[in-house]
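What follows is a single structure, written as structure tokens, with notes after it.
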Amino acid sequence: MPINLVAWMPASPEFPLDELVVRAMDGSPDSGFDCGRADQTDFLYERAWEDHQAQLSVTYLYYFGGILAAYATVGMDALPLARSERDPAMRYRDVSAMKLAQLGVHRPFQGMGLGRVVVGDIVELARDEALRVGCRYLTLDAQPDLVGWYESMGFERNVLRQAQRIRDAIEHRRDPDTIAVSMRFDLRKHIRG
Ligand SMILES: CC(C)(COP(=O)(O)OP(=O)(O)OC[C@H]1O[C@@H](n2cnc3c(N)ncnc32)[C@H](O)[C@@H]1OP(=O)(O)O)[C@@H](O)C(=O)NCCC(=O)NCCS
9 MPINLVAWMP ASPEFPLDEL VVRAMDGSPD SGFDCGRADQ TDFLYERAWE
59 DHQAQLSVTY LYYFGGILAA YATVGMDALP LARSERDPAM RYRDVSAMKL
109 AQLGVHRPFQ GMGLGRVVVG DIVELARDEA LRVGCRYLTL DAQPDLVGWY
159 ESMGFERNVL RQAQRIRDAI EHRRDPDTIA VSMRFDLRKH IRG
């Protein structure tokens, strides 16, 4: 299934968008992809296809010149929001959302704006889905060092969900400063110009 690559997020000018080919995975990808973080590289090879077949998530592969340059995995989510995080029209605590569950860019392609292009593409995907089903937010769990990068694209921190995660971390004797940071992107606020 081809997806819309006319992302509203500006790509780095040097990244040749028209040479990027995107498709949903149809089997475990060939070896060779390495995004430098074991969690994301291992997910692609060890879990992505199994989860895809079980309809738990869908993984999109981004090819550049026949090389697997990036991937993104998405699924549905329900985001709990504190009263202070909700706008007045929201009568429910759990709000409809799509989740960018995994994201990885192959090392040779990093730093060229491709990560930003993929995030923008998934925002477009969520926006398209929101025309058919309720979907207000795109959510993700950011590594602490990437929070600023996601904020630069319009994501904000989830207060209630993160508070729950911090409680869980403390209960399991983990350092809360090292856990992933729950974030959301408001699909209504950031409308394509
Ligand atoms: C994070 C990742 C997807 C970014 O992809 P990319 O194609 O290099 O991203 P872009 O070229 O669009 O943007 C690069 C930006 O990310 C920042 N960045 C990348 N890795 C970073 C890190 N570990 N810590 C802080 N910033 C980081 C760069 O500083 C750069 O910032 P800038 O836009 O202000 O210059 C890629 O580095 C990757 O696959 N990392 C390993 C897997 C991972 O961490 N996935 C995300 C889990 S939340």
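The opening position of the sequence shown corresponds to residue 9 in the working numbering, with each subsequent residue numbered one higher.
For glycine and all other residues, C-beta sits at the position ideal for the given N, C-alpha and C.
Item: Counting beta carbon pairs with one atom in the stretch 138-158 and one in the stretch 70-77, are three or more of them shorter than 8 Å?; Value: no
Item: What's the call for residue 46, buried or exposed, on a 16-neighbour Cβ count within 10 Å?; Value: exposed
Item: Quick check on residue 89: does DSSP put it in helix, strand or coil?; Value: coil
Item: Examine ligand 1 and report whether any of its heavy atoms sits within less than 7 Å of the Cβ of residue 175.; Value: no
Item: Could you give the distance in angstroms between the alpha-carbon of residue 187 and the alpha-carbon of residue 139?; Value: 33 Å
Item: Should the stretch 99-108 be called in touch with the stretch 75-89, which here means at least 3 C-beta pairs below 8 Å?; Value: yes
Item: Could you spell out where the beta strand (DSSP E) holding residue 145 opens and where it closes?; Value: 145-150
Item: Determine the extent of the alpha helix (DSSP H) in which residue 122 is found, giving its start and end residues.; Value: 122-138
Item: Could you say which of 103, 100, 157 lies nearest to residue 125 if we only look at CA atoms?; Value: 157
Item: DSSP state of residue 30, grouped into three classes?; Value: strand
Item: Using the beta-carbon count (16 or more within 10 Å), is residue 201 buried or exposed?; Value: The predicted model places residue 201 with a pLDDT of 44, which falls under 50 and marks its position as unreliable, so this point remains unresolved.
Item: Round the Cβ separation of residue 99 and residue 42 to the nearest angstrom and send it over; I've been treating them as touching at under 8 Å.; Value: In fact, because the Cβ distance is near 46 Å, the residues do not count as touching under 8 Å.
Item: Could you check where the alpha helix (DSSP H) with residue 156 kicks off and where it finishes?; Value: 155-159
Item: Please list the terminal residues of the continuous beta strand (DSSP E) segment that includes residue 105.; Value: 102-113
Item: So, with DSSP's three-state summary, where would you put residue 185?; Value: helix
Item: How many whole angstroms separate the CB atoms of residue 88 and residue 169, which I take to be in contact at a CB cut-off of 8 Å?; Value: 6 Å
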